[in-house]
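Peer 1:
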Amino acid sequence: MRLSRYFLPVLKENPAEAQIVSHRYMLRAGMIKQQAAGIYSWLPLGFKVLRRIEQIVHEEQARAGHIPLLMPTLQPADLWRESGRYDDYGQEMLRIKDRQEREMLYGPTNEEMITDIFRSHVGSYKDLPLTLYHIQWKFRDEMRPRFGVMRGREFLMKDGYNFDLTKEDALHAYNRHLVSYLRTYERMGLQAIPMRADSGPIGGDDTHEFLVLASTGESEVFYDSAVTDIRLGQREIDYDDKAQCQAVMEEFTSLYARTDETHDAALFDAIPEERRKSARGIEVGQIFYFGTKYSEPMGATVVTPDGSRVPVHMGSHGIGVSRLLGAIIEASHDDKGIIWPEGVTPFGVGIVNLKQGDSSTDLACEGLYRDLKAKGLDPLYDDRDERAGAKFATMDLIGLPWRITVGPRGIASGKVELTSRRTGVSEEMSAGDAIERLVQIYAGI
Ligand code: 5CA
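Here the numbering used here is used: the first residue of the sequence shown is 130, the next is one more, and so on.
Structural data, given as structure tokens:
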């Protein structure tokens, strides 16, 4: 993409309404525009990151064997009457009447609808296990929408639902989700720690929230610092292997790590003092096992091998897709702007032409732009007639992890400059070597 033809409405001033850094940078970098409290348009740069995040979520869900579908945002109230949640959900639910005076709602989550799909089409244990998920907009009429996309009213969520014959199978689905979420967040450059939490309006006893530690997080958390040393890394996972998924789950959840909702001071005090931490965190996902809470009242049953009919065991599993943009920025920025991890960056590399209009720098930049595109590195070429300082400031703000700077002096000696946004370190090398280096970096992502 050429910056001269892109739509990147960068703000010069700090927007007064933004209280935290991710919100400030998302507005300044022209990623989002607020349309109403907690409701945003996703401008091209923000939309590109959102799609990258979705892509990682889809890939990791596929690896775990989960199947995508798409349910609507609007739902009939009657479905929610069947589970009893229509009255329970309270003011967070946006209730709407259509022209026939039929009661509808904008879905805050989809347990009822997916259970309805299941009961309409599945009737035998032979069709289990089954996990269906979608990535769809949700609406929760939050009392205090704030911090930009962190606590929106309209927000994008990945929500998945498992259907199993037995509790044991459903707990395997729980573990499978836990492991796949760890990999999902790590690919986004995040450490998200599973913490024992409270299940709230979704219900059930078993639930973990995934928290990214950040001083601006809305949740208060208590944990054993040893938990921050564990990584999933590149290990091979067989998602059908119950014992392996269980072992990874135990590895990540045996040490003390809880949100304030389930905090237990006595257990916490038993941790060696130097490892006892309390901090704040951003909840980027949550998994639940709730057994037959929805399948029983809604009649989602299957025939068992011995011919009887039983309600299926279920759980639901959510990732805050739009919130993740805020969480990643909170975890990865400096005073100049965002620093995107390679896994989610909107463009792989920025090209800065230091002397736009100079025939030799223009020619070198065009060649570089073409070659980077040919290698699939998705460059953003700043070809505007701007001062070098302004170009650098824009690149730093929008946070591409790599920048190639091309100027007349370097060209004379056959060199460009490759700069890491994270370390600020620049190296001179030939354009070919810079491309090769980037190919290698992105091959490992
Ligand atoms: N049905 C279950 C799991 S599919 C569910 O709704 N879980 S949830 O309530 O925990 O939401 C899942 C994730 O959505 C949360 O972990 C959080 O990351 C994100 N989320 C929840 N509310 C908001 C909000 N107001 N703005 C942005 N993200 C949100």
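From the three backbone atoms N, C-alpha and C, an ideal C-beta is built for every residue, glycine too.
In this text, all values refer to a predicted model and were calculated from it rather than measured experimentally.
Distance, Cα to Cα, VAL150 vs ILE458?
Peer 2: 8 Å
Peer 1: In angstroms with no decimal places, state the Cα-to-Cα distance between ILE264 and GLU425.
Peer 2: Going from the Cα of ILE264 to the Cα of GLU425 covers about 26 Å.
Peer 1: What does MET222 pair with, by DSSP beta-bridge criteria?
Peer 2: Its beta-bridge partners do not exist; DSSP assigns none.
Peer 1: What span of residues does the beta strand (DSSP E) with MET272 cover, start to end?
Peer 2: Segment: none, MET272 is in no beta strand (DSSP E) and carries neither H nor E.
Peer 1: Assuming GLU347 and THR388 form a contact by the criterion Cβ under 8 Å, report the distance between their Cβ atoms to the nearest whole angstrom.
Peer 2: Actually they do not touch by this definition, with Cβ atoms about 10 Å apart.
Peer 1: Using only CA atoms, which one of ILE168, ASN143, PRO173 lies nearest to PHE136?
Peer 2: PRO173
Peer 1: Helix, strand or coil, according to DSSP, for PRO322 in the structure here?
Peer 2: For clarity, residue 322 is Ile in the given sequence; the question names Pro instead. Note: ILE322 maps to strand in three-state DSSP.
Peer 1: Report the CB separation of MET317 from GLY472 in whole angstroms; it is logged as a contact under 8 Å.
Peer 2: 5 Å
Peer 1: Tell me which residues share the same chain as TYR262 and place their Cβ nearer than 8 Å to its Cβ, disregarding the 5 neighbours each side in the sequence.
Peer 2: Answer for TYR262: GLN190, HIS195, ILE196, PRO197, LEU198, LYS287, ASP288, GLY289, TYR290, HIS446, listed in chain order.
Peer 1: Could you tell me if the beta carbon of ARG325 falls within a distance shorter than 6 Å of some heavy atom in the ligand 5CA?
Peer 2: no
Peer 1: Would you say VAL413 touches the ligand 5CA, meaning its beta carbon is less than 6 Å from a heavy atom?
Peer 2: yes
Peer 1: Assign HIS152 to one of three DSSP states: helix, strand, or coil.
Peer 2: helix
Peer 1: What is the residue span of the beta strand (DSSP E) that ILE540 lies within?
Peer 2: Where ILE540 is concerned, there is no enclosing beta strand (DSSP E), although the alpha helix (DSSP H) it sits in stretches over 537-541.
Peer 1: Confirm, please, whether the CB-CB distance from GLY479 to ARG551 is below 7 Å.
Peer 2: no
Peer 1: In angstroms with no decimal places, state the Cα-to-Cα distance between VAL178 and ASP435.
Peer 2: 50 Å
Peer 1: Taking 6 Å as the cut-off, is the C-beta of ASP288 nearer than that to any heavy atom in the ligand 5CA?
Peer 2: yes
Peer 1: Would you say ASP511 and LEU132 are within 7 Å of each other, going by their C-beta atoms?
Peer 2: yes
Peer 1: Compare the beta carbon distance of SER309 and ALA193 with 7 Å and say whether it is the shorter of the two.
Peer 2: In this structure, ALA193 lies closer than 7 Å to SER309 by Cβ.
Peer 1: Which residue's Cα is closest to the Cα of GLY252: GLN485, ASP293, TYR498, ALA147?
Peer 2: ASP293
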